[in-house]
Amino acid sequence: MSREFARRLAQQAIERGSPLEWFEELYEAALKEGIDRIPWADSRPNPNLVEWLDRNGTTGCGRRALVVGCGLGDDAEELARRDFAVSAFDVSKSAIAIVARRFPNTSVKYLVGDLFSPPSAWQAAFAFVLEAYTLQVIPPAMRGNAARCLASFVAPGGQLLLIARARDEWERLGTIPWPVSRPELSILLECGLDEALFEDYVDGETPPVRRFRALYRSRQCRESAASGA
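Numbering (numbering that gives the first Met the number 0), first residue to last: 0 to 228.
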């Protein structure tokens with residue numbers, strides 16, 4: 000099964016002391032053998048993203064957006080369809096190669112990139128940042144630093160939408176993907192963001208999965224609204 004294959008690669012990478020290497024190994028296999036090697040390869044945008052966008056009538060109006068850990072590109076393409084000027088990155092060069100095959104005429108700017116070593120030009124540069132299902136495949140010991148990097152991308156007045164598997168703090172992590180606890184997200188509040196929305200819900204997958212969907216805004220956004228600017 001594709002999920003067991005991914006878990007085996009992840010565990011081996013962690014044991015080698017290189018916990019992010021397995022992404023390239025997984026996508027390289029998919030590049031050679033087909034995207035069914037990817038457990039999350041649904042060939043459609045994340046329904047938890049689409050539901051939120053539809054509910055809020057969200058359109059980009061040309062604003063800059065960044066998709067973190069873009070994988071096969073479906074979420075980035077959905078944001079571009081809604082008139083965002085989208086940049087998207089993945090640590091796996093093979094993932095980006097698959098995206099180029101799938102969307103040869105895309106308007107999205109896809110790049111190979113590392114969340115933990117982003118370009119300096121990305122600092123406070125994006126009106127909308129999407130992180131869907133990336134934190135949950137990063138080892139918990141690395142999540143604090145990952146959250147700081149996520150917050151650093153948000154422009155003054157910008158937003159970060161985060162979607163992840165959820166757990167209570169006292170629950171066991173289990174196997175990858177490791178659910179995220181709410182206290183793990185508190186670092187975002189220490190990085191200049193405010194929590195505008197927090198949803199704890201069970202999705203429509205089979206079997207159903209508990210999720211967090213949270214929207215964070217830069218403090219400047221809140222202060223401008225309060226002043227009537």
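We treat Cβ as the ideally placed atom computed from N, Cα and C, and that holds for glycine.
- Straight through space, the alpha carbons of aspartate 74 and arginine 43 are spaced by roughly 8 Å.
- With respect to the 8 Å criterion, glycine 70 and aspartate 41 are not classified as neighbours on the basis of their beta carbons.
- Aspartate 35: not part of any alpha helix (DSSP H); DSSP gives it neither H nor E.
- According to the DSSP assignment, valine 49 belongs to the alpha helix (DSSP H) that extends over 46-55.
- Taking 8 Å as the cut-off, the Cβ atoms of glutamate 27 and serine 93 count as close.
- The beta-carbon separation of tyrosine 215 and glutamate 183, rounded to 14 Å, does not stay under the 8 Å limit for a contact.
- Taking the CA atoms as reference points, tryptophan 177 sits about 5 Å from glutamine 135.
- In the structure shown, the three-state DSSP call for tyrosine 215 is strand.
- Each of Ile37, Ser217, Asn47 was checked against the Cα of valine 153, and the nearest Cα belongs to Ser217.
- Residue range 92-101 is occupied by the alpha helix (DSSP H) that includes valine 98.
- In the same chain as proline 38, and ignoring 5 residues on each side of it, the C-beta atoms closer than 7 Å to its own belong to Ser1, Arg2, Ala5, in chain order.
- Inside the region 95-183, DSSP marks whole alpha helix (DSSP H) runs of 4 or more residues at positions 142-151, from first to last along the chain.
- Annotation: the continuous alpha helix (DSSP H) that includes phenylalanine 4 extends over 1-14.
- Shown here for glutamate 20: same chain residues with a beta carbon closer than 7 Å to its own, the five before and five after excluded, namely Ala12 in chain order.
- Separation of valine 98 and asparagine 47 (C-alpha to C-alpha, rounded to the nearest whole angstrom) is 21 Å.
- As computed with DSSP, aspartate 89 is found in a beta bridge with Val111.
- Following the DSSP letters along the chain, one finds glutamate 189 in no beta strand (DSSP E), marked with neither H nor E.
- Annotation: arginine 62 is outside any beta strand (DSSP E) and is labelled neither H nor E by DSSP.
- A direct Cα-to-Cα measurement between isoleucine 137 and glycine 143 gives close to 10 Å.
- In the DSSP assignment, aspartate 73 falls within the alpha helix (DSSP H) that extends over 73-80.
- Looking at the DSSP output, phenylalanine 197 bridges to Ala213.
- In this structure glutamine 122 is exposed. Its beta-carbon is surrounded by fewer than 16 other beta-carbon atoms within 10 angstroms.
- Between alanine 145 and leucine 110, the C-beta gap is not smaller than 8 Å, which leaves the two residues out of contact.
- Alanine 165 is positioned such that its CB atom lies closer than 8 Å to that of aspartate 199.
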